[in-house]
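Trainee: One structure, pasted below without further comment.
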Amino acid sequence: CRPGWTGYHCQQLNLQKATKGTGYHITDDNNSGKPTSSWGGGVIVDKNDKNDDTKYHMFLAEFQNHCGVDSWTMNSVVTHAQSTKGYNSAYERVEILHQHFAHEPNAVRGPNDEIVIYYSAYNYSSNVHECECSDGSTPPSCQPPGAHFINLMDYSPSGSMSGPWIRTVIFPTTPGIPSDTNLAGVINKNGSFLGMMRKWITGSEMHLVTSTDWKDGTKYIIKEPLLFPQLSAPYTEDPSLYMDCDGNYHAIFHNMDPFQFDPPNGGHAYSEDGIHWIYGGSSWQNVVQFTDGTNFTFSRLERPHFIFADDGCTPIALTNGAQYGGRYGDATYTSLQPIAH
Numbered sequence: 001c002r003p004g005w006t007g008y009h010c011q012q013l014n015l016q017k018a019t020k021g022t023g024y025h026i027t028d029d030n031n032s033g034k035p036t037s038s039w040g041g042g043v044i045v046d047k048n049d050k051n052d053d054t055k056y057h058m059f060l061a062e063f064q065n066h067c068g069v070d071s072w073t074m075n076s077v078v079t080h081a082q083s084t085k086g087y088n089s090a091y092e093r094v095e096i097l098h099q100h101f102a103h104e105p106n107a108v109r110g111p112n113d114e115i116v117i118y119y120s121a122y123n124y125s126s127n128v129h130e131c132e133c134s135d136g137s138t139p140p141s142c143q144p145p146g147a148h149f150i151n152l153m154d155y156s157p158s159g160s161m162s163g164p165w166i167r168t169v170i171f172p173t174t175p176g177i178p179s180d181t182n183l184a185g186v187i188n189k190n191g192s193f194l195g196m197m198r199k200w201i202t203g204s205e206m207h208l209v210t211s212t213d214w215k216d217g218t219k220y221i222i223k224e225p226l227l228f229p230q231l232s233a234p235y236t237e238d239p240s241l242y243m244d245c246d247g248n249y250h251a252i253f254h255n256m257d258p259f260q261f262d263p264p265n266g267g268h269a270y271s272e273d274g275i276h277w278i279y280g281g282s283s284w285q286n287v288v289q290f291t292d293g294t295n296f297t298f299s300r301l302e303r304p305h306f307i308f309a310d311d312g313c314t315p316i317a318l319t320n321g322a323q324y325g326g327r328y329g330d331a332t333y334t335s336l337q338p339i340a341h
């Protein structure tokens, strides 16, 4: 198996114990005494930052006004955060890149070291207001309206973490797709894009997305053949793709298939050419072991992303949107588990 992977099909992540307080876990936002929930994020290494403590930058979704994940279609924003003591440390907010509604960012490098962020968004009318909460969870009185999702791409041509950013529309509307798309992928050296997205028809159905030019939003094409038809319903979402050091493609997911795995957990697939994929199986569970000897069973451990070593192709940590509860059950934070090698 490649470094960080184990199991019969090399599909199981060799996760180490997590340290409490790492990842993006805001328990006292701006001295308010209130937590802020978040829902997973990918990390880009700043190649110009020689400080190993601060060179890791996370692009994540978080929920404003101390609400939980159930408020996502109203309160979610895309946030840029930065490590404080290396990749396995607490990440602190730097700025909000896109106000509500913006969700499920996936950050990757372009062929010339551009920073590229794909995410879902929607502009509400001015008379629609965000939910107000107190403990990181969402009360039943909060009833966010449905969103009409579009897919956006922001990129920094210079590769600077602070921009300036150029915004491009990928899918201006998603007809027949009554949900967010989870669009994610990799940009190849020749400037083409290879990724995945979901359609929610009979369930969360995964499809390939390709483009001959990653900068041109009009060239992104959704492929109709269903990926992973062996999964019942089917139930796979939250893809995150990368290319390993030998040029093979990999994808990790949140696997929701109740007939294959109980409880639902993480999945892994791989491909030599990016077109023909093999689904490997279960990659992680929803129970996290901590370095202080305790463990916690999260009700959801979704939105997976890897943190990579300086080579950009060796995973060294897994981040997830981790739902732990709160008063109304949907309080979350972005967890971080190192990967053993």
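The sequence shown begins at 1 in our numbering and counts up one residue at a time. Even for Gly, the Cβ is constructed at its ideal location relative to N, Cα and C. Fair warning: this is a prediction, and the values are worked out from it, not measured in the lab.
1. If distances are taken between C-alpha atoms only, which option among S89, I115, Q64 comes closest to Q99?
2. Counting pairs of Cβ atoms below 8 Å between the stretch 114-121 and the stretch 91-106, do you hit three or more?
3. Would you kindly check if the distance between the Cβ of T314 and the Cβ of L336 is under 7 Å?
4. Taking the C-alpha atoms as reference points, what is the distance between Y56 and S160?
5. Alpha carbons only, please: which of V128, V69, A251, L301 is nearest the one belonging to W277?
6. Under 8 Å by Cβ, that's how I've got S83 and I115 pegged, so tell me the actual separation to the nearest angstrom.
7. What's the call for K189, buried or exposed, on a 16-neighbour Cβ count within 10 Å?
8. So, using beta-carbon positions, are E302 and D216 closer together than 7 Å?
9. Count the CB pairs spanning the stretch 21-34 and the stretch 43-53 that are closer than 8 Å, and state whether there are at least three.
10. Let me know the beta strand (DSSP E) ranges lying completely inside the stretch 163-218, each 3 residues or longer, listed in chain order.
11. Taking a contact to mean a Cβ-Cβ separation below 7 Å, would you say G267 touches S283 in this structure?
12. Does DSSP put V288 in a helix, a strand or coil?
13. Determine the contact status of Y304 and A317, defining contact as a CB-CB distance below 7 Å.
14. Near H254, which residues of its chain fall below 6 Å by C-beta distance, leaving aside the five closest residues on each side in sequence?
15. I need the boundaries of the alpha helix (DSSP H) containing W72, first residue and last residue.
16. Just to check my reading of the structure: V209 and G195 have Cβ atoms closer than 8 Å, yes? What is that Cβ distance to the nearest angstrom?
17. Report back the beta-carbon spacing between I187 and P111 to the nearest angstrom; my notes put them in contact at under 8 Å.
18. What's the call for K47, buried or exposed, on a 16-neighbour Cβ count within 10 Å?
19. Okay, do the stretch 64-82 and the stretch 25-41 touch, 3+ Cβ pairs below 8 Å being the bar?
20. Under 8 Å Cβ to Cβ from R167, same chain only, skipping five residues before and after it: list those, please.
21. Thinking just about the alpha-carbon of each residue, which of F193, K199, G312 is nearest to the one in N182?
22. For S271, which residues does DSSP report across the bridge?
23. Just to confirm the assignment: which complete beta strand (DSSP E) runs, minimum length 3, are found wholly within the stretch 309-336?
24. Given this structure, state the Cα-to-Cα distance separating G312 from V108, to the nearest angstrom.
25. If I measure Cβ to Cβ from F193 and keep anything under 6 Å in the same chain, skipping five residues before and after, which residues do I get?
26. Who are the Cβ neighbours of L49 in its own chain at under 7 Å, not counting the five residues just before and after it?
27. What separation, rounded to the nearest whole angstrom, lies between the Cα atoms of Q143 and T6?
28. Report yes if the C-beta distance between V78 and L97 is below 7 Å; otherwise report no.
29. At the level of alpha carbons, what is the spacing between A90 and M206?
Mentor: According to the structure data:
1. Closest in C-alpha terms to Q99, from the list S89, I115, Q64, comes Q64.
2. yes
3. no
4. 13 Å
5. A251
6. At roughly 16 Å, the Cβ-Cβ gap does not stay under 8 Å, so S83 and I115 are not in contact.
7. exposed
8. no
9. no
10. 166-171, 184-187, 193-200, 204-211
11. yes
12. strand
13. The question names Tyr, but residue 304 is Pro in the sequence shown. No; because the gap between Cβ atoms is not below 7 Å, this pair is not in contact.
14. E237, D238, E302
15. 72-75
16. 4 Å
17. Correct: roughly 6 Å between the Cβ atoms.
18. Classification for K47: exposed.
19. yes
20. Result list for R167: L152, M153, D154, in chain order.
21. Comparing Cα positions, the closest option is K199.
22. Y249
23. 315-325
24. 10 Å
25. G185, I187, S211, W214
26. According to the sequence shown, residue 49 is Asp rather than Leu. If we look at D49 and ignore the five residues flanking it on each side, its Cβ neighbours are K55.
27. 43 Å
28. In this structure, L97 lies closer than 7 Å to V78 by Cβ.
29. 32 Å
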